[in-house]
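Asker:
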Amino acid sequence: MAQKKLLKGGHVVDPATGRVGAFDVLIDGDRIAEVGKNLNANGAQVITLPSSVVVCPGFIDMHVHLREPGQEHKETVATGAAAAVAGGFTAVACMPNTRPVNDNAGVTKLILQKAAEAGLARVYPIGAVSRGQKGEELADIAELRDAGCVAVTDDGLPVATAILARRALEYTSMFDMPMIEHCEDQTLKADGCAHEGPVAAWLGLKGIPGVAEAITAGRDILLAEMTGGHVHIAHMSAWTTMEAVRQGKSRGAKVTCEVCPHHFTLTDDLLAAPIAYDTNAKMNPPLREARDRDAMIAGIVDGTVDVIATDHAPHHYDEKNVEFDRAPFGIVGLETAVSITIDKLVHTGLIGLPRMVELMSVNPARILRVAGGSLAPGAPADITILAPDLPVTIDRAKLISKSKNTPYHGWSFKGGVAGTIVGGKVVYSNPAVGVI
Amino acid sequence: MDVAQQAPAAPPLTALRTKHLLGIADLSAEEIVLVLETAEAMKEVGQRTIKKVPTLRGRTVINLFFEPSTRTRTSFEIAEKRLSADTLNVAIASSSVVKGETLVDTAMNLEAMSPSMIVLRHASSGACHLLARICKAGIVNAGDGMHEHPTQALLDAFTIRERKGRIAGLKIAIVGDLLHSRVLRSNVLLLTKLGAEVWVCAPRTLIPVGMKQMGVRVTTRVEEAVRDADVIMMLRIQLERMQGAYFPSQREYFTTFGMTEARVVLAKPDVIIMHPGPINRGVEIASEVADGKASVILDQVANGVAVRMAVLYLLAGGAAESADGAEKTS
Amino acid sequence: MPVVMDAERISRALTRISHEILEHNRGLGDLALVGVRSRGVPIAQRLADDIKKITDTDVAVGALDITLYRDDLMGASVGVAPMVRKTEIPFSIDGRTIILVDDVLYTGRTTRAALDALTDFGRPTSIQLVVLVDRGHRELPIKADYVGKNVPTSRRESVQVRLRELDGVDEVLLQGKE
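Chains as they are written, first to last, in this note's numbering: chain A, 1 to 436; chain B, 1001 to 1330; chain C, 2001 to 2178.
1. Checking 7 Å against the spacing of the C-beta atoms, do A2114 (chain C) and L2100 (chain C) come in under that value?
2. Residues of chain D with a CB under 7 Å from the CB of M1146 (chain B): which are they?
3. DSSP three-state label for D2145 (chain C), please.
4. Within the same chain, show all residues whose beta-carbon is closer than 6 Å to that of A1085 (chain B), passing over the 5 residues directly before and after it, in chain order.
5. Comparing C-alpha positions only, which one of C:S2018, C:L2166, C:D2103, C:A2063 sits nearest to E1044 (chain B)?
6. Output yes if chain A places a C-beta closer than 7 Å to the C-beta of V1140 (chain B); else output no.
7. Could you work out which residues of chain B lie near K2086 (chain C), taking near to mean beta carbons separated by less than 7 Å?
8. Tell me V435 (chain A)'s beta-bridge partners as DSSP assigns them.
9. For the stretch 59-78 of chain A against the stretch 21-35 of chain A, are there 3 or more C-beta pairs whose distance is under 8 Å?
10. Determine whether the beta carbon atoms of G21 (chain A) and V53 (chain A) lie at a separation below 7 Å.
11. Count the other C-beta atoms from every protein chain shown that fall within 10 angstroms of the C-beta of V2169 (chain C), then say buried if there are 16 or more, exposed otherwise.
12. Have a look at A2032 (chain C) and V1119 (chain B) and give me their C-alpha separation to the nearest angstrom.
13. Counting Cβ pairs, one atom from each stretch, are 3 or more of them under 8 Å apart for the stretch 1268-1275 of chain B and the stretch 1226-1235 of chain B?
14. Which of the three DSSP states is assigned to A418 (chain A) in this structure?
15. Which residues does DSSP list as the beta-bridge partners of F413 (chain A)?
16. Measure the C-alpha to C-alpha separation of L144 (chain A) and H1149 (chain B) and round it to an integer number of angstroms.
17. Counting only the same chain and skipping the five closest in sequence on each side, list residues whose C-beta sits under 6 Å from that of V2151 (chain C).
18. So the candidates are A:A160, A:C149, A:P100; which of them puts its Cα closest to the Cα of E137 (chain A)?
19. A313 (chain A) and V301 (chain A) look like a contact to me (Cβ under 8 Å); what is the Cβ gap, rounded to whole Å?
20. What are the boundary residues of the alpha helix (DSSP H) that includes G1317 (chain B)?
21. Leaving out five residues before and five after V35 (chain A) in sequence, what residues of the same chain have Cβ atoms less than 8 Å from its Cβ?
22. For I1050 (chain B), which residues in chain C fall below 8 Å Cβ to Cβ?
23. What does the Cβ neighbour count give for N42 (chain A), buried or exposed, with the cut at 16 atoms within 10 Å?
24. I'd like to confirm the pairing. Which residues does DSSP put opposite D28 (chain A) in its beta bridges?
25. At a CB-CB cut-off below 9 Å, which residues of chain A make contact with R1236 (chain B)?
26. Measuring only between beta-carbons, confirm whether G197 (chain A) sits less than 7 Å from chain B.
27. Along the chain, where does the beta strand (DSSP E) containing L2033 (chain C) start, and where does it finish?
28. Is the Cβ-Cβ distance between L1170 (chain B) and D1230 (chain B) less than 7 Å?
29. Which of helix, strand or coil does DSSP assign to A281 (chain A)?
30. Counting only beta-carbon atoms, is P1115 (chain B) nearer than 7 Å to chain C?
31. Please name the residue or residues paired with Q2128 (chain C) in a DSSP beta bridge.
32. Check the Cβ of D2006 (chain C) against every Cβ in chain B and list those closer than 8 Å, keeping chain order.
33. Check for me: the beta strand (DSSP E) holding E1197 (chain B) runs from which residue to which?
34. Rounded to whole angstroms, what is the Cα-Cα separation between V1209 (chain B) and A201 (chain A)?
35. In angstroms, rounded to a whole number, what distance separates the CA positions of E1040 (chain B) and I1279 (chain B)?
36. For L1298 (chain B), count neighbouring C-beta atoms within 10 Å of its own C-beta (all shown protein chains included) and say buried if the count is 16 or more, exposed if not.
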């Protein structure tokens, strides 16, 4: 029997339908039934929300590493899905660099099955561009598509050659799928482990220059223009890349892009202090200089950036507790993204809540061609409920993710998640807020 | 005279603030001078018949070297023994690393033997900082990756002071592979802190980003670097660190950047030539220059023991400052 | 702070001690003076000058730094750590009578350290000890052979020796602590 719920009294922010303000949301089963003023309960379970709380279409993190199959000591689909809903995400798209690589229907179906068993956030698998992510031949992209993949990438690496990238863009355009690209010229990267700049020079760390990212982005944007395919630039970090994307968009290329919270808040100074050689500040692409961070913010504000995603990359403590150059790249991000974004972008007045919802819900849904991004009647009842004034202090011991590798331990933010609803079911309720 | 009401002048520094020496970056100019002055007394110990004092008796010092090194390790070992410490040399061949034992595990196993200090040389920058976070022992950096080699810079400074009487105001030229050199970074930090005019010189491909921000003059012309220099410091071309097109050949490097007699005469007549060793004869330095009258390369080696004795003594706890500053008399 | 010895008293005490040294050692023999840094050194030099005035003979003077031999350095808090300086004994001490010279004798530990240091330099025939002030409270079985002045003190007090070569003035002060 379908259950009805009525969310009453919250502040709705739904840019897709233009509704911003005090609205009630009626859920019927797993769908949105109606959104309006002063709706009648009619037997629905009424959840009364304070007006300070924000109700928006469910957030979708389109760049997450769930590590299953193969590296379950870092994270599993289940623990990742739990971390996602605690972070306010109703859906995640997970990367194919698992072991084995997700270049076949078998792995894709395993991921979907695990997600269904967990019953928390929706999981959209992303398949590999090349077989084994080796950069030689295309993977069976149609098979991946049929099994449930929403995009393809060789993330962790760029697509190895221009010719393969061209083929991948032509091929994926047949299915209207984006090719997601980790932009990084491998010869310029060499064995670098930090941003090439004065900080790395003085710490004696081999550097990766910002242009390594821009060079591959430039290549792919031109190929997307030429082929009509869609390239989505993952985790942008360099100001030169932002320039390339801006120019590509102005010429009408099908390019979209995402930025991670750490790239619009942190710089490479973090490698030197307060903890010298902190491996929790090591990820790829690396933290760069103030000019790059400011360029990311400018792109978010002026609309060049389409998506905020986390590149959630869990690693076990033992793997990170080694010499800086030997530590794996990556930090977790599912449970910190919302607080960072509200505190550093919304409360500072750089963007409004509608723009935040575009970046974290509307655009990811559009780019991945999945349902969501709006609270229109008939849309799935995936809802993110925010408490924008909640004081939050990050404590890595309290993270739900299996891994705790975050540089934000001890940081305080204003803004957090009150609750998360997926398919009409409350899958997360924050006890510190206690409204749902 | 009412001593109780006299505000005491800040007493001269006689101890280091921490129990680790991770880099020159953490030392103030005052602390650097303290090490150098203490090293003078330590040098005198090395000139006695019985080259031993009981200061670190009963203390265990472990030399944990992940990179091969005869010179630095021997220097530390002699320094430790002259202070009567019990020394233990642990040389990790690269095969152990391949076997999978991590730096952290190795260090924790050694900690179980309660060493006072661990002298660490490792191929990764920041390895000493990692150990300092997890070990109780004091950590002495004997060279971490491309980051710092603080005792080398200290013995270089000691040698310069010995020959020139001072460091402030001298023109010091450092020539060689700047990009990969930890000796460079430590020396630049130390010499600028003590007021020298530092010039660095290398092919463009071997100059690290942000060099100018560290208060040095940068040039790709070796003649410009050594003109009227008081000190010329050569760095090795680290053939084992380099893969990839930094310069076309050793021959071309020597022609353009090698320290030859013809270049040495551009410096001051009483210039001293330094090199941390081991020397690549005919690559960064001509044999005649390395063995010539102006060369103090062997003095550097000799001074290394005294400087390391001073470092170990000051870190092992010359004694904490007490609040009332009173001196316990005999 | 009470002055327990002024410049004149110090001078008379040292003159007396130099006569005593000559008397006990039946002349100079193979005598050498070694001052314990820091203030033992100018005192040793003054004794050498006095002896020169009396006998018209030069006596060898050396300076001994005992910092590295102290038993109270490592770990325990001793107040401001002393600066390590060079030892300068430009003569062999084998077979000689060494007169060790220090400013204050208190617990005896400095003297013990000095004895250890000296024996690392060679084997003297004998070692005798001169102190300007003996303040009591020995912790080791050490006694001075020649004493400028006995100054009874409590443990809470401290004796400050100032010498013109290092401090610009000659005086011995007794400082009481609150």
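The beta carbon of each residue, even a glycine, is placed where N, CA and C say it ideally should be.
Answerer: Put simply:
1. When the beta-carbon positions are compared, A2114 (chain C) and L2100 (chain C) come within less than 7 Å of each other.
2. Structure shown: chain D not included; protein chains present are A, B and C.
3. coil
4. L1056, R1059, V1061
5. C:A2063
6. no
7. Listed by position along chain B, the residues whose Cβ is nearer than 7 Å to that of K2086 (chain C) are E1040, A1041, E1044.
8. Per DSSP, none; premise fails for V435 (chain A).
9. Taking 8 Å as the limit for Cβ pairs, the verdict is that the stretch 21-35 of chain A does not touch the stretch 59-78 of chain A.
10. no
11. exposed
12. 42 Å
13. yes
14. strand
15. A:V392, per the DSSP bridge assignment.
16. 53 Å
17. V2004, V2133, R2135
18. It is A:A160.
19. About 26 Å separates the two Cβ atoms, so there is no contact after all.
20. 1297-1317
21. V12, D14, T17, R19, F23, D24, V25, L26, L375, A376, P377
22. D2120, F2121
23. exposed
24. BP columns for D28 (chain A) point to A:K4, A:R31.
25. Under the 9 Å cutoff, chain A gives no residues; its nearest Cβ is about 16 Å from R1236 (chain B).
26. yes
27. 2031-2036
28. Going by C-beta atoms, L1170 (chain B) is nearer than 7 Å to D1230 (chain B).
29. A281 (chain A) falls in the helix class under three-state DSSP.
30. no
31. C:I2099
32. Neighbours of D2006 (chain C) on chain B: none; closest Cβ ~14 Å, over 8 Å.
33. 1197-1201 is the extent of the beta strand (DSSP E) around E1197 (chain B).
34. 6 Å
35. C-alpha separation (whole angstroms): 27 Å.
36. Exposed: under 16 other Cβ atoms inside 10 Å.
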